[in-house]
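What follows is a short report on a single structure.
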Amino acid sequence: MTKETGQKRQSTDDLIALLDAADRLPGAIALRARSYDLLSAEPGTSAVDVGCGTGRAVAELAERGVRAIGVDPSEPMIDVARGRWPEADFRVAGAYGLPLPDASVDAYRADKVFHELAEPERALTEARRVLALGGRITLIGQDWDTVVIDSDAPALTRTIVYARADLITGPRAARRYRNLLLEAGFGDVTVEVHTGVFTGPMMLPLLTGLAEGAFSTGAITREQADGWIAEQWARTEVDRLFLALPMFMAAATTPR
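Under the numbering used here, residue 312 is the last one in the sequence shown; the count climbs by one each step, no gaps.
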């Protein structure tokens with residue numbers, strides 16, 4: 057194994073560990089359950105989970121009696137999913153080219169996916185193709201401009217949040233969900249906002265990543281990044297960390 061390969065594997069392992077920890081939070085469990093309800097995920101129906109990662113949603117849908125398929129462009133993620141849920145159907149594919157026939161599934165789910173897409177409209181065209189008439193779609197994700205963090209340096213915090221958001225392909229995709237769905241021809245569009253509040257150390261890697269991302273763009277100095285990160289660590293030690301993260305959930309129906 058080369059050093060570069062080892063570093064990539066460690067990076068993937070770290071990401072999976074972070075995702076697993078986030079998935080186990082009560083708020084995340086409730087959010088997934090709500091998304092299944094919005095999909096009308098009932099026994100005997102079929103669904104595709106786009107950007108399925110390590111496959112937890114696919115497994116939970118299967119527990120509901122849904123014939124679920126998980127797709128993700130990351131082979132390492134799909135390998136982990138297959139290892140964890142060997143009876144499930146996982147495939148390597150992206151949102152623009154789903155390995156499914158026309159009108160073949162009753163539900164389409166994409167959780168924390170559309171902010172990674174340069175062409176969300178193209179992904180929704182593909183969603184329309186694979187969804188049966190009357191099928192349901194649910195999109196879940198955060199607006200990267202909307203991260204609420206308590207800090208003694210509010211102006212610097214705004215700079216950090218916005219600079220990190222600018223590194224995302226589509227940082228404001230979530231606020232566009234409703235209009236994107238309407239413009240793609242979906243009907244019965246609804247939007248909900250579920251806000252997670254975090255006060256413990258689990259979010260320190262996220263906060264550190266925000267500051268490091270802002271530093272990488274030149275928006276803040278090394279000293280500013282280190283000082284801001286140190287403040288957040290200090291807040292954690294005295295139980296004063298506060299982060300609120302609104303998650304947007306849009307649902308719609310394919311016209312009959």
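We put the beta carbon where it would ideally sit given N, CA and C, even for glycine.
Boundaries of the beta strand (DSSP E) in which residue i is found, first to last residue
i	result
Val114	Per DSSP, Val114 belongs to no beta strand (DSSP E); it is in the alpha helix (DSSP H), Arg112 to Glu119.
Gly191	Leu187 to Gln198
Gly126	Arg123 to Asp128
Arg165	Val161 to Asp167
Phe254	Gly243 to Phe254
Pro302	Leu299 to Thr309
Ala103	Ser102 to Val106
Residue span of the alpha helix (DSSP H) that contains residue i, given as start and end
i	result
Tyr152	Here Tyr152 belongs to no alpha helix (DSSP H), and DSSP marks it neither H nor E.
Val217	Pro210 to Ala221
Ala86	Pro82 to Leu94
Trp141	Unbroken run through Trp141: none, as it is neither H nor E.
Cβ-based burial, residue i [other Cβ within 10 Å; buried from 16]
i	result
Asp76	exposed
Thr251	exposed
Ala86	exposed
Thr202	buried
Leu223	exposed
Pro176	buried
Residue i vs residue j beta-carbon contact at 8 Å
i	j	result
Ile276	Ala188	no
Leu400	Ala306	Since the displayed the chain opens at 57 and closes at 312, residue 400 lies outside it and no answer follows.
Asp158	Arg185	yes
Val122	Ala103	yes
Val247	Tyr233	yes
Arg192	Ala163	yes
Asp208	Thr255	no
Closest residue to residue i among the options (Cα-Cα distance)
i	options	result
Tyr152	Ser160, Gly243 and Val127	Val127
Ala229	Ala179, Gly241 and Ala209	Ala179
Met133	Ala306, Gly107 and Leu297	Gly107
Asp93	Leu81, Arg80, Pro82 and Ala113	Ala113
Thr213	Gly269, Ala166 and Glu248	Gly269
Gly190	Leu156, Asp79, Arg231 and Gly241	Gly241
Whole-angstrom distance between residue j and residue i, CA atom to CA atom
i	j	result
Glu116	Trp141	11 Å
Leu301	Val161	31 Å
Ile72	Thr110	8 Å
Thr194	Leu266	27 Å
Glu293	Leu263	15 Å
Ile285	Ala124	41 Å
Pro261	Asp70	10 Å
Gly274	Trp200	18 Å
Ala89	Leu74	20 Å
Gly62	Pro311	Residue confidence is low: Gly62 scores 48 on pLDDT, short of 50, so the model does not pin down where it sits. No coordinate-derived value is stated.
Any chain C beta carbon closer than 8 Å to residue i
i	result
Leu173	Any reference to chain C falls outside this structure, which holds one protein chain only.
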